[in-house]
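In the numbering used here, the protein residues as written are 2 to 130.
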């Protein structure tokens, strides 16, 4: 029997950065020209301030963000990751809008984006051109 198969949980735990972390980094990137606080970020992501605060601590510990005078910013490492995450979102959104036209739903992009690898994303992007 082939040993290449794993449960979804196994695949999910291979990454240091979790899917919720990706969502936070992408949102911080989207709003990087604004003053981002735990309150504003929790509103943007529709999460409790306490949950947001915990995630900010985790992202700080991974050296992906820093907080200065209550304002959240990306580190260089965080910016590099977030740039890719935002690009991935944009490509998938364009693809699904083209594919589904008036039936496009942002929720699909939000769900799918976490499961698309770089090669697949590049191939989707090339099909859009």
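Even glycine gets a Cβ: it sits at the ideal position worked out from N, Cα and C. This one's a predicted model, so the numbers in the text were calculated from it and none came from an experiment.
Check each candidate in 80, 113, 82 and name the one with the smallest Cα separation from residue 95.
-> What you label residue 95 is simply residue 94 of the chain shown in a count that begins at 1. Comparing Cα-Cα distances from residue 95 to each of 80, 113, 82, the minimum goes to 113.
Compute the beta-carbon to beta-carbon distance between residue 98 and residue 129, rounded to the nearest angstrom, for a pair I have assumed lies under 8 Å.
-> For the purposes of this step, residue 98 is taken as the residue at position 97 of the chain shown. For the purposes of this step, residue 129 is taken as the residue at position 128 of the chain shown. Their Cβ separation, rounded to whole angstroms, is 10 Å, which puts residue 98 and residue 129 out of contact at 8 Å.
Mind checking who residue 68 pairs with in its DSSP beta bridge?
-> Residue mapping note: residue 68 aligns to position 67 of the chain shown, counting from 1. Partner(s): 73.
Residue 126 versus 101, 107, 105, 90, residue with shortest Cα-Cα distance | Numbered from its first residue, the chain shown carries residue 126 at position 125. Measuring from the Cα of residue 126, the nearest candidate turns out to be 90.
Would you decide whether residue 123 is buried or exposed? Buried here means 16 or more other CB atoms lie within 10 Å of its CB.
-> Counting from one through the chain shown, the residue named residue 123 turns up at place 122. So residue 123 ends up on the exposed side.
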